[in-house]
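One structure is given below, encoded as structure tokens.
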């Protein structure tokens with residue numbers, strides 16, 4: 506609400522801010538918009554974009570004149586069929602927590618991580634959710650993308666292309682084969698989320714790949730086996746490029762049913778997309794930011810900045826409706842790999858075939 510008084514003072518236009526539980530927003534705007542009762546602008550997640558745009562609920566937002574001000578992955582997240590549909594303000598991605606008593610310095614590469622674990626003689630080198638009995642394609646995605654793999658083809662000029670499923674591509678299979686080798690070598694044990702967390706909290710795992718939502722408990726000292734001896738690093742590089750985790754982004758959408766769309770666009774571009782407003786968002790809720798100047802300026806919190814940099818390296822979760830057909834087959838097949846029950850190539854073939862069949866209807 507900090508930006509509202511300035512907008513009203515300069516334009517004379519009153520802005521009403523309504524707080525709605527985040528989980529209720531998408532359904533409410535989908536129902537209220539066509540009835541003429543919805544908001545002009547609403548906050549939402551980037552993976553809503555494809556569904557909302559395809560159903561005519563949102564309108565494009567032209568940020569071309571200020572595109573360099575945003576972390577590129579955030580804009581990619583709101584790109585549907587080549588058009589941008591929001592002003593991003595938040596990004597979120599996983600990175601790697603590490604025990605500084607076992608790994609004194611952040612490893613830049615996977616080989617450095619393994620060497621540090623060997624030097625520490627630790628049984629659990631890096632714990633990653635997605636093993637045991639629980640599927641988790643999200644946490645395992647850095648292995649999918651490690652050598653250039655992906656789920657769907659992506660082109661910034663057109664967005665994600667569900668007709669090009671890349672799960673069984675050579676690059677994707679190479680990444681999961683790399684994961685398979687780490688499992689066989691005992692570097693990545695088969696752990697679900699809770700087991701991974703408990704091992705790291707107990708000081709029995711050197712590193713843990715997960716997200717910034719764990720920062721609060723770790724900073725509050727709830728990991729008694731680790732205490733203050735932990736830090737955050739980028740996921741170590743496996744291939745020739747930095748690790749690419751999935752990225753979630755949040756932004757402000759423009760309703761296609763707005764009767765004041767030009768004014769609403771001005772509010773977004775001239776009052777929201779500014780250094781002061783984006784800094785205010787970060788100050789109110791310190792997490793990954795979609796605004797380059799804010800990301801570069803939060804060096805006083807290197808851990809949050811590392812999560813932001815991890816997101817900047819990443820790729821947005823596909824925002825097209827067909828992504829709903831991916832989580833099950835991909836997660837189930839990755840779980841089989843994690844548990845040593847299916848070879849990497851066979852798992853990726855099975856996942857790709859299932860996704861193609863579901864997309865085809």
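Residue numbers (my numbering): 506 to 866.
Glycine included, every Cβ here is placed at the ideal spot set by N, Cα and C.
A residue is called buried once 16 or more other Cβ atoms fall within 10 Å of its Cβ, and residue 527, having fewer, is exposed. Residue 765 carries a coil assignment under DSSP once its states are collapsed to helix, strand and coil. In this structure, residue 816 and residue 737 do not form a Cβ contact; the two beta carbons are roughly 13 Å apart against a cut-off of 8 Å. In the DSSP secondary-structure assignment, residue 585 is bridged to 588.
The beta-bridge partner set that DSSP reports for residue 714 consists of 601.
Note that the C-beta distance between residue 664 and residue 587 is below 8 Å.
Residue 755 is classed as buried because its beta carbon has at least 16 other beta carbons within 10 Å across all chains shown. Of the candidates 592, 774, 623, 623 places its Cα closest to the Cα of residue 609. As computed with DSSP, residue 759 is found in a beta bridge with 546, 564. Across the structure, residue 702 and residue 540 are spaced so that their CA atoms are roughly 46 Å apart. Here DSSP, grouped into helix, strand and coil, assigns residue 696 to coil.
Contact annotation: residue 629 and residue 710 have beta-carbon atoms nearer than 8 Å. The shortest C-alpha to C-alpha distance from residue 596 to any of 603, 644, 577, 585 is the one to 577. At the C-beta level, residue 566 and residue 590 come within 8 Å of one another.
In the pairwise beta carbon analysis, the stretch 557 to 566 is classified as touching the stretch 519 to 539: at least three pairs are separated by under 8 Å.
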